[in-house]
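Shown next, in structure tokens, is the structure this report addresses.
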Amino acid sequence: MAYGDKIVFDPRSRAPERWLSNSEHAPMRTLIHEQMVMVFTVEHAIQMARCAWPDDAFAILNVPTPEEAQDYGRTVEVNPLWEEHKLTYMSRFLHDKFTQHRGLHEYLISTAGYTLEFYDGREHISYWGMGRIGGQNMLGRLLMQLRDQLCAQAQSQVS
Numbered sequence: 000m001a002y003g004d005k006i007v008f009d010p011r012s013r014a015p016e017r018w019l020s021n022s023e024h025a026p027m028r029t030l031i032h033e034q035m036v037m038v039f040t041v042e043h044a045i046q047m048a049r050c051a052w053p054d055d056a057f058a059i060l061n062v063p064t065p066e067e068a069q070d071y072g073r074t075v076e077v078n079p080l081w082e083e084h085k086l087t088y089m090s091r092f093l094h095d096k097f098t099q100h101r102g103l104h105e106y107l108i109s110t111a112g113y114t115l116e117f118y119d120g121r122e123h124i125s126y127w128g129m130g131r132i133g134g135q136n137m138l139g140r141l142l143m144q145l146r147d148q149l150c151a152q153a154q155s156q157v158s
């Protein structure tokens, strides 16, 4: 939902901005645990990358929904390097999503000039989004960073 110069997206919403969410169905090829795989959503990819063991990660490929992938991801041992590399993983998965789907690529570029804010509705301060009492909005920041890169690439191709 657009509010002035801000677009707020909530993965639980059916609002048009849901395509920004990690839960939106957008199958993509990406590299996880040194293997190229096809995942249903960015959420699937994130949960796979969080897994310490490849067998646990690849079991997520058979989980049909992003909510179930997230639930499964909460039951496995977390990769000890996850905290150190989670922004790199998320950046790569967002890049894969928005470059492998032309429509999504164009939608993201069309948000130029807007602040993108992921609202996750949590009671506490959120890392990836904005909770009810604040947050870091790292998902929104990464999306804006990717958008700026895609806009610059589009401009350089025109010039």
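Numbering that gives the first Met the number 0 puts the first residue of the sequence shown at 0, with every later residue one more than the last.
Every residue, glycine too, gets a C-beta built ideally from N, C-alpha and C.
Given residue 111, which residues of its chain have a CB within under 7 angstroms of its CB, disregarding the five upstream and five downstream residues? Reading the sequence shown from its first residue, position 112 is the one you call residue 111. Cβ neighbours of residue 111 within its own chain (closer than 7 angstroms, five residues either side excluded): 146, 150.
Less than 9 angstroms separating the beta-carbons of residue 95 and residue 9? Residue numbering aside, residue 95 sits at position 96 when the sequence shown is read from its first letter. Residue numbering aside, residue 9 sits at position 10 when the sequence shown is read from its first letter. Contact: no.
Taking residue 93 as part of the alpha helix (DSSP H), name the residues at either end of that continuous run. As a first step, residue 93 is located in the sequence shown; it is residue number 94 there, counting from the start. Counting along the chain, the alpha helix (DSSP H) containing residue 93 begins and ends at 81 to 99.
First and last residue of the uninterrupted beta strand (DSSP E) at residue 38: Numbered from 1 along the sequence shown, position 39 holds the residue referred to as residue 38. Taken as a continuous stretch (DSSP letters only), the beta strand (DSSP E) holding residue 38 covers 34 to 38.
Simplified DSSP assignment, three categories, for residue 105: Working through the sequence shown from its first residue, we reach residue 105 at position 106. Residue state, collapsed to three classes: helix.
Hey, how far is the Cα of residue 114 from the Cα of residue 139? Against the sequence shown, residue 114 aligns to sequence position 115. Against the sequence shown, residue 139 aligns to sequence position 140. In a straight line, the C-alpha of residue 114 is about 8 angstroms away from that of residue 139.
Give me, in chain order, the residues of the same chain whose beta-carbon lies closer than 8 angstroms to that of residue 58; leave out the 5 immediate sequence neighbours on both sides. Numbered from 1 along the sequence shown, position 59 holds the residue referred to as residue 58. Around residue 58, the same chain offers 71 as residues with beta carbons nearer than 8 angstroms, after the five sequence neighbours per side are excluded.
Whole-angstrom distance between residue 43 and residue 116, CA atom to CA atom: Taking the first residue of the sequence shown as position 1, residue 116 is located at position 117. Taking the first residue of the sequence shown as position 1, residue 43 is located at position 44. Straight-line spacing of the CA atoms in residue 116 and residue 43 works out to 21 angstroms.
Only counting the same chain, and skipping five residues up and downstream in sequence, which positions put a Cβ closer than 7 angstroms to that of residue 22? Within the sequence shown, residue 22 is the residue found at index 23, counting from 1. Here residue 22 has 10, 40, 42, 65 as same chain residues with Cβ atoms under 7 angstroms from its own Cβ, once five neighbours each way along the sequence are excluded.
Smallest Cα separation from residue 141: which of 90, 157, 105? The sequence position of residue 141 within the sequence shown is 142, counting from 1. With distances taken between Cα atoms, residue 141 lies closest to 90.
Straight-line CA distance for residue 102 to residue 109? Within the sequence shown, residue 102 is the residue found at index 103, counting from 1. Within the sequence shown, residue 109 is the residue found at index 110, counting from 1. Distance between the alpha carbons of residue 102 and residue 109: 11 angstroms.
Using three-state DSSP, classify residue 125 as helix, strand or coil. The residue labelled residue 125 in the question sits at position 126 within the sequence shown. Of the three classes helix, strand and coil, the one that applies to residue 125 here is strand, per DSSP.
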